[in-house]
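So for the sequence shown, numbering that gives the first Met the number 0 puts the first residue at 0; every next one is plus one. Here a beta-carbon is modelled for each residue, glycine too, at the ideal position from N, C-alpha and C. Note that the structure is a prediction, hence the values are computed from the model and not measured.
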Amino acid sequence: MTIHKIDKKSLEKNYGKNILPLSTFDNENFIGSPPLEILFFYKKNLPIFKLKESLLKTIHYYNLFSSRLIMIGDLKFALQHCTDGAVANDLRPVDACFDESRFDEIRKEMVHVQTLPGEPLFAVTGIPFKNGILAGISCSHAVADGISLMLFLYAWMCITDGKNFLPPSPQRLFQGPPVHFDPTDRTRVPPLSALGDKIRKKVEKDNVAEIFTATEYFTDDVLNEIKAEAKKEKYDISNHQIMTAFLLKKYHHKILPDTDRIVLKNPINLRSIHPDIDPMYIGSANFNNFIRFTKEEIDRLSMPQIACRIKKSIADVRNESYAREIAHLSPCGIEINMAVFRRNRPPYSVETNIVSSNLTHLNDLESMLVGPETGSLLHIGLAVQTGFTMLKEKSGRIFAQITGRRPSI
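In structure tokens form, the structure reads like this:
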């Protein structure tokens, strides 16, 4: 959606289009939702104001984060093109090396955005240490997905180091320069209590919920052993499917104790399967595939059987014909055919749904020519109700992290 003037009529005209991530179907899910977050440690000795300068150049260059959510009607929202859609915050220097600090305490200090009217949808927090600078990126799902954030991070490091990099795709949600935003418009932003009971309760629940995490480590030997056992049963499965099946069997009674079924959501990247969408597309280009399990099935099925069922469900939608059926590229961005999508997508429920994300390939910054001498990716997190995230350590060990918003397990 390209908006060059703060014009309510223009916003209302564009609102009805099912353009990712502004489809009417997803509207309630995005509003008030927690962000996608990345923590990156930059190892070079550089003044923080230099990093901030290159950050602002990257934000201007990508022109993705110069948008802000506004309310245009009763529970109707749109993205407004403005200059205050991104914020940068630098905290006081820490008189210690990063390795000597508590990672969880540092995460609490970073700015966390929410998808709410009048609020920035993207924030970077910088914390200087003796041996480098920690950057915490918090981004609303309404303007970007994990791929976009990694492309943004890559460009930021290249601009900082004076290196060349591939430009973003011309297929952009926002084109042209950001427009001037009058700060007095903030007085017309509705308070949280006016956004509707459903959204208000979701935000309040997220603000008070106790977040727990559990981490399981998998060596290559363990994964290869499980794959060998699966092949005896004629199952060919991936690391991601193995780890997801393992977490489901081990934690499903604890993370969602009050339901008799679990819906597993796997984000599918349209960039890799839709022939008309650029691999460097900047914005949100994911749709969710849903796999349903009853708790009885998870208890009864073997880990390879669960993994194979996940693989088959993903394979059924990860193909060009289905991608063409549900989505096409319009001048405003990726547009979803909701008539098809509704038939295959159940209503979102925080009581039954788990998000499963395979982000291992995103952790390999060296593949994008950002080597270990530049920095290291510390954390990629989907701040959802309950989620699994797969990452890879420098040592080569793969680990799966489960994040939830229920009482500690």
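Endpoints, alpha helix (DSSP H) assigned at residue 324: 319 to 325
Would you check if the stretch 212 to 230 and the stretch 297 to 307 touch, i.e. whether three or more CB-CB distances between them fall below 8 Å? yes
Looking at the structure shown, is residue 168 part of a helix, part of a strand, or coil, going by DSSP? In the three-state reduction of the DSSP assignment, residue 168 falls in the coil class, being assigned neither a helical nor a strand state.
Alpha-carbon to alpha-carbon, residue 39 and residue 19: 27 Å
Test item: CB-CB of residue 324 and residue 339 under 9 Å: yes
Candidates 171, 153 and 170: closest to residue 163 by CA position: 153
Sequence-distant residues of its chain with Cβ nearer than 6 Å to residue 201 (five each side left out): Answer for residue 201: 31, listed in chain order.
Where the alpha helix (DSSP H) through residue 230 begins and ends: 219 to 231
Test item: CB-CB of residue 76 and residue 26 under 9 Å: The answer is yes: Cβ separation under 9 Å.
At which residues does the beta strand (DSSP E) containing residue 41 begin and terminate? Residue range 35 to 41 is occupied by the beta strand (DSSP E) that includes residue 41.
Does residue 67 pass the burial test, meaning 16 or more other C-beta atoms within 10 Å, or should it be called exposed? With 16 or more other Cβ atoms within 10 Å, it is buried.
Express the C-alpha separation of residue 118 and residue 111 in angstroms, rounding to a whole number. 11 Å
Name the residue from 61, 89 and 289 whose alpha carbon lies nearest to the alpha carbon of residue 313. 289
If you drop the 5 nearest sequence neighbours on each side, which residues of the same chain put their C-beta closer than 7 Å to that of residue 29? 20, 114, 140 and 141
Apart from the five residues just before and just after residue 268, which ones in its own chain have a Cβ nearer than 7 Å to its Cβ? Non-local C-beta neighbours of residue 268 in its own chain, meaning closer than 7 Å and more than five positions away in sequence, comprise 146, 284 and 285, ordered along the chain.
Endpoints, alpha helix (DSSP H) assigned at residue 307: 302 to 316
Hey, which unbroken runs of the alpha helix (DSSP H) at 4 residues or more fall wholly within the stretch 44 to 92? Segments of the alpha helix (DSSP H) lying fully in the stretch 44 to 92: 47 to 61.
Can you have a look at residue 36 and say buried or exposed, based on whether 16 or more other CB atoms are within 10 angstroms of its CB? buried
Cβ atoms of residue 353 and residue 263: under 9 Å apart, would you say? Result yes, Cβ atoms of residue 263 and residue 353 sit closer than 9 Å.
Between residue 16 and the rest of its own chain, which residues show a CB-CB distance below 6 Å, the 5 nearest in sequence each way excluded? none
Between which two residues does the beta strand (DSSP E) harbouring residue 135 extend? 131 to 138
Using 9 Å as the limit for Cβ to Cβ distance, is residue 215 near chain D? Annotation note: the requested chain D is absent from the structure, which comprises a single protein chain.
Spatial neighbours of residue 166 within its chain, please: CB distance less than 7 Å, with the 5 preceding and 5 following residues excluded, ordered by chain position. Cβ within range, chain order: n/a, list empty.
Determine the burial state of residue 144: buried for a count of at least 16 other Cβ atoms within 10 Å of its Cβ, exposed for fewer. Around the C-beta of residue 144, 16 or more other C-beta atoms lie within 10 Å, and the residue is accordingly described as buried.
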